[in-house]
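Participant:
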Amino acid sequence: MAKNITPREEDYSQWYLDVIKAAELADYAPVRGCMVIRPNGYSLWEMIQKHFDEAFKDTGHVNAYFPLLIPNSFLEKEADHVEGFAPECAVVTHAGGEELEEPLVVRPTSETVIGHMYSKWVQSWRDLPVLINQWCNVMRWEKRSRLFLRTSEFLWQEGHTAHATKEEAMEETLKMLEVYRKIMEEMLALPVITGEKSEGERFPGADNTFTCEAMMTDKKALQAGTSHFLGQNFAKAFDITFQSREGVLEYAWTTSWGVSTRLIGAIIMTHSDNDGLIIPPYVAPVKAVILPLGADESKLAGLYEPKAQELAATLNEILGKRSVKVDTRYHMRPADRFFYHLQRGIPLRIELGEKEYSKESVRLVRRDTGERFDVSWDKAPEVVKETLDAIQANLYRRAKDFREANTHYVESFDEFKKVLEEKGGFIKAYFAGGKEEERAIKEATTATVRCFPLDEEHTRGKCFYTGKEGARLAIFAKAY
RNA sequence: CGGGGCGUAGCGCAGUCUGGUUAGCGCACCUGCUUUGGGAGCAGGGGGUCGAAGGUUCGAAUCCUUUCGCCCCGACCA
């Protein structure tokens, strides 16, 4: 048992922080609410980025970069947007030793600057669609921060697209939601429920927001990514107009969608255990580490290590450059080296000592299950790959089973409160309420509507709260 | 912004109430020896002026005033 990690059952949020610390993912910065993403955390982010970036490009998007600073007046052009974001904006009032004529806002999101630029770039229906993404940092001065889940500054990706028709924009919104789902599930091993946000949970300025909701191992919900259908709100605010085929001047239809470093928090709270971090193999910067073991230095240097290097080279060809490392820190005792990699979440440990060498084998130890078994040198590359696939599949399956075991259906508010208190987790219920009812439920229970799942889009029933017929199926939960 | 906790060595803390020798302890770190397949043992060693400013006093980590910051819990949010 790890001696530097608070057990999850004892104090979940302390456990979370301990895991981050032990794995050296991040550290507190000198500025309140800000974090330093350390190499272990950043390389994980790079892996996540890589998968999403590929998918964005595969769906026809291109990357660009817009500035960090936004004129204050831009924020004010869209009423809901300013209302939603103004309270959490950091504002630059001085520069170059002088007070600025107009304060500059550090972007909390870039719809406004991008809208401004799109209005210059879009003239004709031939200029559409515009499909741009940017990887950047944003700043939201939240009252309360939590490493990776909510920091004043965070890294993310924001896609911003403009289209000629409403249908096409809606199609884009849902397409990107699906891209998110696919990568979260297949690469990050995060089972998510995709759905539509309720009125009260929408992005400020959007007509409609769609989300990927995941369940953490404390049974709370985490919004892992969102895709917004912005209608013509920003097009009207920023005058993004184009002349149609028919020669009529029309407003464009826009979308925006984002995932952030919060996904690292999701990975931690979905897969890790009391020994520390567990990284799904497909996003693990280091997928396996080979440890030459033994007290005999001449054998280490002369036999085990060369064999380990040779195996690493073969594996790197199959799994991708730098995905397998050889740990040659012989000044550390084996147990210390085991724990080192255990806490950093390396999916697979490969041991090569005297016992293995004499049998021309290596020992594999899975991070997810602790299971260990030997495999011969000639079979090792194949088996390592298979095992990594198996770990990936197991992490996903485990998380999904957990979510399903902790999802309950209710038909009345009394039942809702009872289930929430006694069991927690996700609650499925037909719901026909609006903003007012959402708020009342939240005040009474702290649970919120996470989404109306898309795969239940056509089911209808009697609202558990208002009793109205024809209500949509919703998922409620306490959320991060 | 409300509630709670806390700033003393890299980290975690004791010492503060009841001012008084060179400010301690554990982990980490450095050196050596012995160990080495799930967090080693012994020996030696380096490192802090006690968040900051002001005050009281012969004397302040300790008392007083002011101030800055951080963490946790809540309301707000990716």
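Going by this note's numbering, the first sequence opens with residue 97, and the numbers climb by one from there. Glycine included, each C-beta is placed from N, C-alpha and C at the ideal position.
Starting from Gly529, follow its DSSP beta bridges and name the residues at the other end.
Facilitator: In the first sequence, counting from the first residue as 1, residue 529 sits at position 433. Answer is none; Gly529 lacks a bridge partner.
Participant: Please list the terminal residues of the continuous beta strand (DSSP E) segment that includes Ser472.
Facilitator: Position 376 of the first sequence, counted from the start, is the residue given in the question as residue 472. That run of the beta strand (DSSP E) goes 468-472.
Participant: Identify the continuous beta strand (DSSP E) that holds Ile289 and give its terminal residues.
Facilitator: If you number the first sequence from 1, residue 289 lands on position 193. Unbroken beta strand (DSSP E) run through Ile289: 289-292.
Participant: Excluding the 5 residues flanking Cys185 on each side, which residues of the same chain have their C-beta closer than 6 Å to its C-beta?
Facilitator: Position 89 of the first sequence, counted from the start, is the residue given in the question as residue 185. Val201, Pro204.
Participant: Ignoring anything shorter than 4 residues or poking outside the stretch 514-568, list the alpha helix (DSSP H) runs there in chain order.
Facilitator: Segments of the alpha helix (DSSP H) lying fully in the stretch 514-568: 531-541.
Participant: Roughly how many angstroms lie between the CA atoms of His324 and Arg104, to the nearest whole one?
Facilitator: To locate residue 324, count along the first sequence from 1; it is residue 228. To locate residue 104, count along the first sequence from 1; it is residue 8. Computed Cα separation, rounded: 35 Å.
Participant: Report the option in Lys293, Trp473, Asp474, Val158 whose CA atom is closest to the CA atom of Gln253.
Facilitator: Residue 253 sits at position 157 when you count from the first residue of the first sequence. Among Lys293, Trp473, Asp474, Val158, the Cα nearest to that of Gln253 is on Val158.
Participant: Does the structure place the stretch 364-380 close enough to the stretch 435-455 that three or more beta carbon pairs sit under 8 Å?
Facilitator: Touching, per the Cβ criterion.
Participant: By the DSSP assignment, the beta strand (DSSP E) with Asp107 in it spans what residues?
Facilitator: Taking the first residue of the first sequence as 1, we reach residue 107 at position 11. Taken as a continuous stretch (DSSP letters only), Asp107 belongs to no beta strand (DSSP E), as it is neither H nor E.
Participant: Measuring alpha carbon to alpha carbon, tell me which residue in Val382, Ala567, Glu452 is nearest Leu484.
Facilitator: Locating residue 484 in the first sequence gives position 388, where the first residue counts as 1. Ranking Val382, Ala567, Glu452 by Cα distance to Leu484 puts Val382 first.
Participant: Go ahead and pull the three-state DSSP assignment for Tyr400.
Facilitator: Working through the first sequence from its first residue, we reach residue 400 at position 304. Reduced to three states, the DSSP call for Tyr400 is helix.
Participant: Assuming Ile487 contacts Asp464 (C-beta within less than 8 Å), just tell me the rounded distance between them.
Facilitator: Position 391 of the first sequence, counted from the first residue, corresponds to residue 487. Position 368 of the first sequence, counted from the first residue, corresponds to residue 464. About 5 Å separates the two Cβ atoms, so the contact holds.
Participant: Check the C-beta distance from Phe560 over to Phe527 and give it rounded, since I have them as a contact under 8 Å.
Facilitator: Stepping through the first sequence from its first residue, residue 560 is reached at position 464. Stepping through the first sequence from its first residue, residue 527 is reached at position 431. About 7 Å; that satisfies the 8 Å criterion.
Participant: Just the C-alpha distance for Val479 and Ser457, rounded to the nearest angstrom, thanks.
Facilitator: Locating residue 479 in the first sequence gives position 383, where the first residue counts as 1. Locating residue 457 in the first sequence gives position 361, where the first residue counts as 1. Approximately 12 Å between the Cα atoms of the pair.
Participant: If I follow the unbroken alpha helix (DSSP H) through Thr366, where does it start and stop?
Facilitator: The residue you call residue 366 lines up with position 270 of the first sequence. Start and end: 358-367.
Participant: Pull the bridge partners of Leu284 from the DSSP assignment, please.
Facilitator: For the purposes of this step, residue 284 is taken as the residue at position 188 of the first sequence. None, per the DSSP bridge assignment.
Participant: For Gly372, which of helix, strand or coil comes out of DSSP?
Facilitator: Translated into the one-based positions of the first sequence, residue 372 becomes position 276. Of the three classes helix, strand and coil, the one that applies to Gly372 here is strand, per DSSP.
Participant: Under a three-way DSSP split, which group does Met266 fall into?
Facilitator: Numbered from its first residue, the first sequence carries residue 266 at position 170. Correct three-state label for Met266: helix.
Participant: Taking Tyr576 as the reference, which of Lys316, Gly449, Pro388, Leu415 has the closest Cα?
Facilitator: Mapped onto the first sequence, residue 576 falls at position 480. Of the candidates Lys316, Gly449, Pro388, Leu415, the one whose C-alpha sits nearest the C-alpha of Tyr576 is Lys316.
Participant: Using only CA atoms, which one of Met235, His504, Arg128, Glu533 lies nearest to Ser356?
Facilitator: In the first sequence, the residue the question calls residue 356 occupies position 260. Ser356 has its Cα closest to that of Met235, out of Met235, His504, Arg128, Glu533.
Participant: Kindly provide the ranges of any alpha helix (DSSP H) runs that are 4 or more residues long and lie completely inside the stretch 192-217, ordered along the chain.
Facilitator: If we require 4 residues or more, the alpha helix (DSSP H) runs fully inside the stretch 192-217 come out as 207-217.
Participant: Val127 lies in the alpha helix (DSSP H); which residues open and close that run?
Facilitator: Translated into the one-based positions of the first sequence, residue 127 becomes position 31. Neither: Val127 is in no alpha helix (DSSP H) and is coded neither H nor E.
Participant: Between the stretch 213-228 and the stretch 302-309, do three or more beta carbon pairs fall short of 8 Å?
Facilitator: Short answer: they don't touch.
Participant: Can you tell me whether Met312 is buried or exposed? The criterion is at least 16 other CB atoms within 10 Å of its CB, across all chains shown.
Facilitator: Numbered from its first residue, the first sequence carries residue 312 at position 216. Buried.
Participant: Note down, in chain order, each residue of its chain lying with its Cβ closer than 7 Å to the Cβ of Ile537, except the 5 sequence neighbours on either side.
Facilitator: Walking along the first sequence from the start, residue 537 turns up at place 441. Here the set comprises Ala543, Tyr561.
Participant: Could you give the residue range of the beta strand (DSSP E) that holds Arg493?
Facilitator: Against the first sequence, residue 493 aligns to sequence position 397. No beta strand (DSSP E) contains Arg493, which is instead part of the alpha helix (DSSP H) from 476-501.
Participant: Nearest by alpha-carbon distance to Ala397: which of Tyr453, Thr337, Glu172 is it?
Facilitator: Taking the first sequence and counting its residues from 1, one reaches residue 397 at position 301. Comparing Cα positions, the closest option is Tyr453.
Participant: Sorted by chain position, which residues of the same chain lie with C-beta nearer than 6 Å to His256's C-beta, five sequence neighbours on each side aside?
Facilitator: In the first sequence, the residue the question calls residue 256 occupies position 160. Cβ neighbours of His256 beyond the five flanking positions: Ile210, Ile228, Ser352.
Participant: Give the DSSP-derived three-state secondary structure of Gln253 in the structure shown.
Facilitator: The residue labelled residue 253 in the question sits at position 157 within the first sequence. Residue state, collapsed to three classes: strand.
Participant: Quick check on Tyr505: does DSSP put it in helix, strand or coil?
Facilitator: One-based indexing of the first sequence puts residue 505 at position 409. Tyr505 falls in the strand class under three-state DSSP.
Participant: Given this structure, state the Cα-to-Cα distance separating Val506 from Pro300, to the nearest angstrom.
Facilitator: Looking up residue 506 in the first sequence gives position 410. Looking up residue 300 in the first sequence gives position 204. Roughly 30 Å separates the two Cα atoms.
Participant: Given 8 Å as the limit, is there contact between the stretch 232-247 and the stretch 272-292, that is, 3 or more CB pairs closer than that?
Facilitator: With the cut-off at 8 Å, the stretch 232-247 and the stretch 272-292 do not touch.
Participant: Going by C-alpha to C-alpha distance, which of Pro376, Ala476, Gly193 sits closest to Arg494?
Facilitator: Counted from its first residue, the first sequence places residue 494 at position 398. Measuring from the Cα of Arg494, the nearest candidate turns out to be Pro376.
Participant: Taking the beta strand (DSSP E) that Gly321 belongs to, which residues open and close that run?
Facilitator: Residue mapping note: residue 321 aligns to position 225 of the first sequence, counting from 1. Counting along the chain, the beta strand (DSSP E) containing Gly321 begins and ends at 317-325.
Participant: Taking contact to mean 3 or more Cβ pairs, one atom from each stretch, closer than 8 Å, check whether the stretch 159-175 and the stretch 324-344 are in contact.
Facilitator: Touching, per the Cβ criterion.
Participant: Label Trp141 either buried or exposed according to how many other C-beta atoms from any shown protein chain fall within 10 Å of its C-beta, with 16 as the threshold for buried.
Facilitator: As a working mapping, residue 141 is identified with position 45 in the first sequence. Buried, since its Cβ has 16 or more Cβ neighbours within 10 Å.
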